[in-house]
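Numbering (my numbering), first residue to last: 22 to 178. Cβ coordinates follow ideal geometry from the N, Cα and C atoms, glycine included. Beneath this line is the structure, given in structure tokens, with notes to follow.
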Amino acid sequence: MAMAMRKVHSGSSKNKNRRNNRRYNNGNVRPAANSNGNVAVQSSILPSPTILQEYEYATEGAADRILEMAEVEQDRRHDWEEEYLRFYKKSLRIGQLFGFVLLLSVILSCVYLATNGHEHVAVYLALITFFSVALSSLFDSIGRKKHSRRPSRSRKQ
């Protein structure tokens, strides 16, 4: 439940409202600034403890229901992520199997072509296949590095 206070630049009220209602990249709406120009940003599915107390004060048992809803949502998210990872693992294995079969068929084709007097075609086919596999591996490793990086922090803590 990280909270951060940040100063919003003042300007005309029309521009300020437009600026405060912009969407972040992940689709969340930026909260409006209070009269001091500070914005509270919370990155959690649960409200802060003070807001939970206010809910409990307004309706008895509301805080427990909110916590229960958060637990159910977290369980659903974990189930979805496990299902996604199972599917990803399965599709990765199928892709590897098809790649192996394709590579084996190219090797057998090259051997067949070379033994039947088409050495140049066999060499070209082997070279094209080799460079295709090398480029595919290179792009895959670049993509993995790109998606596995953590976002850089703009300020030191």
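- The three-state reading of DSSP puts I149 in helix, counting H, G and I together.
- By the CB criterion at 8 angstroms, A91 and I66 fall inside the cutoff.
- Boundaries of the alpha helix (DSSP H) harbouring H99: 83–136, taken from the DSSP string.
- Comparing alpha-carbon positions, the option among R97, G164, Y145, S169 lying closest to C131 turns out to be Y145.
- Per the Cβ contact rule, the stretch 102–111 is not in contact with the stretch 136–143 (fewer than 3 Cβ pairs under 8 angstroms).
- In the structure shown, the three-state DSSP call for S65 is coil.
- As the crow flies, the alpha-carbon of E94 is around 10 angstroms from that of D100.
- For the set E75, G120, L73, the Cα lying nearest the Cα of F151 is the one of G120.
- Straight through space, the alpha carbons of L134 and A143 are spaced by roughly 6 angstroms.
- Separation of the CB atoms of I87 and Y76 is rounded to 6 angstroms, and the pair is thereby assigned contact status at 8 angstroms.
- The C-alpha of S162 lies about 19 angstroms from the C-alpha of I115.
- DSSP, read as helix, strand or coil, puts T80 in coil.
- For H139, the secondary structure class from DSSP, reduced to helix, strand or coil, is coil.
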